[in-house]
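In our numbering, the protein residues as written are -9 to 196.
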């Protein structure tokens, strides 16, 4: 959500304007400032990771110490998910290239917000008969944070100890998204994060 400037070049043919746009090829760049990004919003928040983790571990192990550890870690995962669900960004840049196969390459994505920075690339796979915004998305983003986000990442032990050129703390994990352009889905990332931490907590030495 925001105001963007668009620069690019397209070519396309079709019997109607809609078909021409659907089959168009080319390159364009979006540059936006001072907007809201909801691309990392979970598809559902009805049952939190914390609730699921605590219920599962409690039923399997019944150990209050283990349950307490799992609840604490899952809580931090939930807090991170909520923070990332709606980001007020300062700048968002996206470069898209659509080739002859009508796939879209997201060659350069860069988002800068007060407490988070995302950089990455991805693809949108063409499916005949489906609008562009409903075609499958695959995206990988490197993430760095500061302030509240840096604290949350630190509690989850996701920081790698380095800082980027804008002084954001870098993370070890790659943030992956599926879904579509209209509804990006970060479920894989949050599930992997929660599962990895759960495995750590259930290790014998813990």
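Quick reminder that beta carbons are idealized off the backbone N, C-alpha and C, glycines included.
Predicted model only: the values in this text are computed from it and were never measured.
Of all the options the options, which has the alpha carbon lying nearest to the alpha carbon of residue i?
{"i": "residue 113", "options": "2, -5, 88", "result": "88"}
{"i": "residue 101", "options": "123, 69, 182, 84", "result": "84"}
{"i": "residue 20", "options": "2, 27, 14, -7", "result": "-7"}
{"i": "residue 111", "options": "99, 6, 117, 122", "result": "99"}
{"i": "residue 23", "options": "86, 31, 81, -1", "result": "81"}
{"i": "residue 94", "options": "171, 76, 71", "result": "171"}
{"i": "residue 103", "options": "4, 25, 16", "result": "25"}
{"i": "residue 74", "options": "140, 152, 156", "result": "140"}
{"i": "residue 120", "options": "77, 92, 183", "result": "92"}
{"i": "residue 178", "options": "71, 90, 12, 117", "result": "71"}
Residue i by DSSP, collapsed to three states: which one?
{"i": "residue 68", "result": "helix"}
{"i": "residue 117", "result": "coil"}
{"i": "residue 19", "result": "strand"}
{"i": "residue 74", "result": "helix"}
{"i": "residue -5", "result": "strand"}
{"i": "residue 163", "result": "strand"}
{"i": "residue 151", "result": "strand"}
{"i": "residue 125", "result": "coil"}
{"i": "residue 131", "result": "strand"}
{"i": "residue 183", "result": "helix"}
{"i": "residue 44", "result": "Low confidence applies to residue 44: its pLDDT is 44, below 50, so where it sits in the model is not reliable enough to give any reading."}
What are the boundary residues of the alpha helix (DSSP H) that includes residue i?
{"i": "residue 81", "result": "First-last for residue 81: 77 to 88, but that is the beta strand (DSSP E), not the alpha helix (DSSP H)."}
{"i": "residue 101", "result": "First-last for residue 101: 94 to 103, but that is the beta strand (DSSP E), not the alpha helix (DSSP H)."}
{"i": "residue 5", "result": "Premise fails: residue 5 is in no alpha helix (DSSP H) and is neither H nor E."}
{"i": "residue 143", "result": "137 to 145"}
Would residue i pass as a contact of residue j if the rule is Cβ separation under 9 Å?
{"i": "residue 132", "j": "residue 108", "result": "yes"}
{"i": "residue 148", "j": "residue 138", "result": "no"}
{"i": "residue 30", "j": "residue 176", "result": "yes"}
Please list, in chain order, all residues of the same chain as residue i whose beta carbon is under 8 Å from its beta carbon, the five residues on each side excluded.
{"i": "residue 154", "result": "107, 134, 160"}
{"i": "residue 181", "result": "none"}
In chain order, what residues of the same chain lie with their CB nearer than 7 Å to the CB of residue i, ignoring the 5 residues before and after it?
{"i": "residue 145", "result": "66"}
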